[in-house]
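Presented below is the structure to which this report refers.
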Amino acid sequence: MRDQSHLRHQDRQTDHAARRRRLAQVVGENGVALIAATPERNRNNDVDYPYRPNSDFRYLTGFTEPEAIAVIAPGFEAGDYLLFCRERDVEQEIWVGRRAGPEGAMAWYGADSAYDIDDFDDWLAKLLDGRQRLYITLGTHKEFEHDVLRRMEKLRSQGRRATPPNEIVSLDRILHEMRLRKSAAEVDLMREAAATSARAHAAAMRAVRPGMHEYQLAAVLHYEFEMDGMSWAYPSIVGAGENACVLHYIENAAPMKDGDLVLIDAGAEYRGYAGDITRTFPVNGRFTTAQRELYDVVLAANRAAIDAARPGEPVNAVHQAALHVLVEGLVRLGLLEGDVEDVIETERYRSFFMHGTSHWIGMDVHDVGDYKSGDEWRLLEPGMALTVEPGLYVQAGSETAPRRFWSTGIRVEDDIVITDDGCDVLTSDVPKDADEIEALMAQGQSGGGA
Numbered sequence: 190m191r192d193q194s195h196l197r198h199q200d201r202q203t204d205h206a207a208r209r210r211r212l213a214q215v216v217g218e219n220g221v222a223l224i225a226a227t228p229e230r231n232r233n234n235d236v237d238y239p240y241r242p243n244s245d246f247r248y249l250t251g252f253t254e255p256e257a258i259a260v261i262a263p264g265f266e267a268g269d270y271l272l273f274c275r276e277r278d279v280e281q282e283i284w285v286g287r288r289a290g291p292e293g294a295m296a297w298y299g300a301d302s303a304y305d306i307d308d309f310d311d312w313l314a315k316l317l318d319g320r321q322r323l324y325i326t327l328g329t330h331k332e333f334e335h336d337v338l339r340r341m342e343k344l345r346s347q348g349r350r351a352t353p354p355n356e357i358v359s360l361d362r363i364l365h366e367m368r369l370r371k372s373a374a375e376v377d378l379m380r381e382a383a384a385t386s387a388r389a390h391a392a393a394m395r396a397v398r399p400g401m402h403e404y405q406l407a408a409v410l411h412y413e414f415e416m417d418g419m420s421w422a423y424p425s426i427v428g429a430g431e432n433a434c435v436l437h438y439i440e441n442a443a444p445m446k447d448g449d450l451v452l453i454d455a456g457a458e459y460r461g462y463a464g465d466i467t468r469t470f471p472v473n474g475r476f477t478t479a480q481r482e483l484y485d486v487v488l489a490a491n492r493a494a495i496d497a498a499r500p501g502e503p504v505n506a507v508h509q510a511a512l513h514v515l516v517e518g519l520v521r522l523g524l525l526e527g528d529v530e531d532v533i534e535t536e537r538y539r540s541f542f543m544h545g546t547s548h549w550i551g552m553d554v555h556d557v558g559d560y561k562s563g564d565e566w567r568l569l570e571p572g573m574a575l576t577v578e579p580g581l582y583v584q585a586g587s588e589t590a591p592r593r594f595w596s597t598g599i600r601v602e603d604d605i606v607i608t609d610d611g612c613d614v615l616t617s618d619v620p621k622d623a624d625e626i627e628a629l630m631a632q633g634q635s636g637g638g639a
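For the sequence shown, our numbering assigns the number 190 to the initial residue and increments by one for each residue that follows.
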């Protein structure tokens with residue numbers, strides 16, 4: 190197991206405390222911010238889905254239990270940061286695990302004061318009284334949000350006995366702008382997720398054989414994730430042959446044939462932060478000539494996009510760099526006809542490349558943050574993290590593509606963080622050059638190690 194001493198609990202709580210201070214400066218002593226952990230979700234009968242708190246709540250608190258509410262109330266008599274959570278319950282802890290309780294919320298999670306979640310309603314009027322603005326999420330935990338707004342209206346109807354906020358401000362946009370720029374500690378967590386994700390992809394390359402099913406290859410990925418104490422950040426995509434042309438294919442049920450390419454889009458989640466890697470490789474260990482032709486176009490687009498990811502550049506520069514290389518390749522290989530710029534302007538390439546090249550990544554695999562300010566693309570800044578994932582997808586029966594390219598889906602995806610003078614590729618540990626992929630796969634087929 191890797192040394193993770195730099196990610197100790199106390200170090201992470203220092204980061205969370207800094208975020209709360211930043212939010213408190215926005216909220217001010219005339220405001221109060223309320224944010225609740227999303228509720229548990231039932232899967233069937235007495236089985237719930239594995240619990241994961243909403244990312245905004247975890248970003249501020251580090252607290253991962255359900256039934257919790259965080260309050261940022263600068264100048265409040267009980268403290269600027271209050272946390273309401275479940276009380277310790279010996280009998281329940283025997284069945285479903287230990288709880289921090291209010292004492293643990295203060296000792297381990299930095300709350301100035303902490304109380305039983307069942308007491309929140311009794312505190313709400315005092316928290317709201319005299320504050321001009323209420324900052325609250327909208328649409329994340331609808332039951333909680335509606336209840337707070339209903340209670341606020343009830344206070345307002347009491348006239349002089351209470352002065353609740355007269356302005357409601359969405360907390361989402363404030364937090365999402367904060368989350369868009371990653372701290373050094375966050376990048377460390379993302380680097381861990383990326384490293385495990387990369388090892389899992391390399392293990393899948395070594396393990397694959399004609400005749401295996403897609404779900405068996407998915408099992409290789411998930412084994413590597415869990416051996417490092419992680420889980421998947423999103424349902425893994427393992428699509429071979431024609432299935433690789435389905436962008437969000439998650440059935441992972443088909444056998445993989447000799448001659449197929451298999452596309453894997455999978456990433457591990459580490460302490461709330463996601464990895465997101467896509468690699469495409471031949472099931473039998475060797476690219477055909479046609480597969481290599483298309484693959485090298487996508488790889489060149491991936492590299493061009495990474496080169497374009499620099500501070501001060503508009504975020505869509507990454508997509509434009511990849512798109513130009515892809516369209517040049519499609520015309521050169523005979524899948525499309527015409528001038529490259531005309532193909533781009535008329536979007537005729539969308540039969541083969543129908544998605545964007547990048548999305549923000551962080552606590553959510555498709556992370557939060559605006560891509561535009563008004564009508565203008567926002568400029569990249571150090572600390573912003575995004576994916577780079579160009580692809581080409583040629584369906585069987587394509588009217589313009591030569592038959593040798595049919596049933597071929599290729600995507601090459603990396604995770605990057607913008608630096609002061611360029612970007613840092615977090616996912617470089619897994620090969621993407623076709624020759625390097627074939628060499629790694631040959632090790633697996635000969636019984637060699639990594």
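Every residue, glycine too, gets a C-beta built ideally from N, C-alpha and C.
Excluding the five sequence neighbours on either side, which residues of its own chain have a C-beta within less than 8 angstroms of the C-beta of residue 193, listed in chain order? On the sequence shown, position 4 is the one that residue 193 refers to. Residue confidence is low: residue 193 scores 48 on pLDDT, short of 50, so the model does not pin down where it sits. No coordinate-derived value is stated.
Q) Between which two residues does the beta strand (DSSP E) carrying residue 303 extend? A) One-based indexing of the sequence shown puts residue 303 at position 114. 302 to 305 is the span of the beta strand (DSSP E), which, as asked, contains residue 303.
Which same chain residues, not among the five before or five after residue 299, have their C-beta less than 6 angstroms away from its C-beta?
-> In the sequence shown, residue 299 corresponds to position 110, counting from 1. 202, 206, listed in sequence order.
Q. Are the Cβ atoms of residue 356 and residue 322 separated by less than 8 angstroms?
A. Taking the first residue of the sequence shown as 1, we reach residue 356 at position 167. Taking the first residue of the sequence shown as 1, we reach residue 322 at position 133. Annotated as proximal: residue 356 and residue 322, with beta-carbon spacing under 8 angstroms.
Q. Looking at the structure shown, is residue 253 part of a helix, part of a strand, or coil, going by DSSP?
A. Residue numbering aside, residue 253 sits at position 64 when the sequence shown is read from its first letter. It is coil, neither helix nor strand.
Quiz item: Among the residues of its own chain, which have a CB less than 7 angstroms from the CB of residue 607, if the five just before and after it don't count?
Solution: Residue numbering aside, residue 607 sits at position 418 when the sequence shown is read from its first letter. Correct list, in chain order: 498, 500, 569, 570, 571, 572, 573.
* Applying the criterion that 16 or more other CB atoms from any shown protein chain within 10 Å of the CB defines a buried residue, is residue 187 buried or exposed? -> Because the chain is modelled from 190 through 639, residue 187 falls outside the range shown and cannot be assessed.
*Going along the chain, which residues of its own chain have a beta-carbon closer than 8 angstroms to the beta-carbon of residue 232, five neighbours each way excluded?*
On the sequence shown, position 43 is the one that residue 232 refers to. For residue 232, where only same-chain residues beyond five positions count, the Cβ hits under 8 angstroms are 238.
Practice item. Assign residue 639 to one of two classes, buried (16 or more other C-beta atoms within 10 Å of its C-beta) or exposed (fewer than that). Key: In the sequence shown, residue 639 corresponds to position 450, counting from 1. Because residue 639 sits at a pLDDT of 40, beneath the cut-off of 50, its placement in the model cannot be relied upon, and the point is left open.
Report the rounded CA-to-CA distance for residue 718 versus residue 615, giving the unit in angstroms. The requested residue 718 is not part of the displayed model; the chain covers only 190 to 639.
Original post:
In three-state terms, what does DSSP make of residue 190?
Top reply: Here the question's residue 190 lines up with position 1 in the sequence shown. Low per-residue confidence applies at residue 190: pLDDT is 43, beneath 50, and the placement is therefore not dependable enough to give any value.
### Message
Give me, in chain order, the residues of the same chain whose beta-carbon lies closer than 7 angstroms to that of residue 559; leave out the 5 immediate sequence neighbours on both sides.
### Response
Here residue 559 refers to the residue found at position 370 when the sequence shown is read from its first residue. For residue 559, where only same-chain residues beyond five positions count, the Cβ hits under 7 angstroms are 567.
- In the structure shown, what three-state DSSP assignment does residue 473 receive? Position 284 of the sequence shown, counting from 1, holds the residue named residue 473. Coil.
Below 8 angstroms, how does it come out for the segment 465 to 485 and the segment 596 to 603: are there three or more Cβ pairs, yes or no? yes
Does DSSP put residue 242 in a helix, in a strand, or in coil? Taking the sequence shown and counting its residues from 1, the one referred to as residue 242 is at position 53. Correct three-state label for residue 242: coil.
Inter-residue Cα distance where the pair is residue 703 and residue 393: Look at the range of the chain in this structure, 190 to 639, and you will see that residue 703 is not part of it.
Original post:
Between the segment 395 to 413 and the segment 620 to 628, do three or more beta carbon pairs fall short of 8 angstroms?
Top reply: no
Taking only beta-carbon positions, decide if residue 254 is within less than 8 angstroms of chain B. In summary, chain B is missing from the structure at hand, where a single protein chain is found.
Quiz item: Roughly how many whole angstroms lie between the Cα atoms of residue 379 and residue 575?
Solution: Taking the first residue of the sequence shown as position 1, residue 379 is located at position 190. Taking the first residue of the sequence shown as position 1, residue 575 is located at position 386. Approximately 11 angstroms between the Cα atoms of the pair.
Out of curiosity, what's the CA-to-CA distance linking residue 276 and residue 288?
By 1-based counting over the sequence shown, the position of residue 276 is 87. By 1-based counting over the sequence shown, the position of residue 288 is 99. For residue 276 and residue 288, the distance between alpha carbons rounds to 8 angstroms.
From residue 595 to residue 633, what distance separates their C-alpha atoms?
As a working note, residue 595 is residue 406 in the sequence shown. As a working note, residue 633 is residue 444 in the sequence shown. C-alpha separation (whole angstroms): 28 angstroms.
Using three-state DSSP, classify residue 444 as helix, strand or coil. As a position in the sequence shown, residue 444 is number 255, starting the count at 1. Looking at residue 444 - three-state DSSP - the assignment turns out to be strand.
**OP:** Can you have a look at residue 412 and say buried or exposed, based on whether 16 or more other CB atoms are within 10 angstroms of its CB?
**Re:** On the sequence shown, residue 412 is found 223 positions in, with the first residue counted as 1. Residue 412 is exposed by the Cβ-count criterion.
Subject >> Reduced DSSP secondary structure (H/G/I, E/B, other) of residue 270 >> reply: Walking along the sequence shown from the start, residue 270 turns up at place 81. In the structure shown, residue 270 sits in a strand (DSSP, three-state: E or B).
So, residue 585 versus residue 431, is the Cβ gap smaller than 8 angstroms? Position 396 of the sequence shown, counted from the first residue, corresponds to residue 585. Position 242 of the sequence shown, counted from the first residue, corresponds to residue 431. Yes, they are a contact pair.
- Nonlocal neighbours in the same chain, by C-beta distance under 8 angstroms from residue 508, ignoring five residues either side: Within the sequence shown, the letter at position 319 stands for residue 508. Answer for residue 508: 494, 545, 546, 547, listed in chain order.
If the criterion is Cβ atoms closer than 8 angstroms, does the pair residue 479 and residue 452 meet it? One-based indexing of the sequence shown puts residue 479 at position 290. One-based indexing of the sequence shown puts residue 452 at position 263. Result no, Cβ atoms of residue 479 and residue 452 do not sit closer than 8 angstroms.
Identity of the residue in 474, 255, 325, 236 nearest residue 216 by Cα: Your numbering for residue 216 matches position 27 in the sequence shown. Comparing Cα positions, the closest option is 325.
Since I believe residue 261 is in contact with residue 209 (beta carbons under 8 angstroms), could you give me their beta-carbon distance rounded to a whole number of angstroms?
By one-based count along the sequence shown, residue 209 stands at place 20. By one-based count along the sequence shown, residue 261 stands at place 72. Yes, residue 209 and residue 261 are in contact; Cβ-Cβ is about 6 angstroms, under 8 angstroms.
- Task: On a CA-only basis, which of 337, 318, 332 is nearest residue 347? Give me that one, please.
- Result: The residue given as residue 347 occupies position 158 in the sequence shown. When each option's Cα is compared against that of residue 347, the closest is 318.
Worksheet entry | Buried versus exposed call for residue 441 [16 or more other C-beta atoms within 10 Å across all chains shown] | As a working mapping, residue 441 is identified with position 252 in the sequence shown. Looking at its Cβ environment, which holds 16 or more other Cβ atoms inside 10 Å, residue 441 is buried.
Going straight from the alpha carbon of residue 292 to that of residue 255, what length do you get? Translated into the one-based positions of the sequence shown, residue 292 becomes position 103. Translated into the one-based positions of the sequence shown, residue 255 becomes position 66. Cα to Cα, the separation comes out at about 16 angstroms.
Q.
For residue 278, tell me which candidate among 457, 271, 290, 270 has the shortest Cα-Cα distance.
A. By 1-based counting over the sequence shown, the position of residue 278 is 89. Among 457, 271, 290, 270, the Cα nearest to that of residue 278 belongs to 290.
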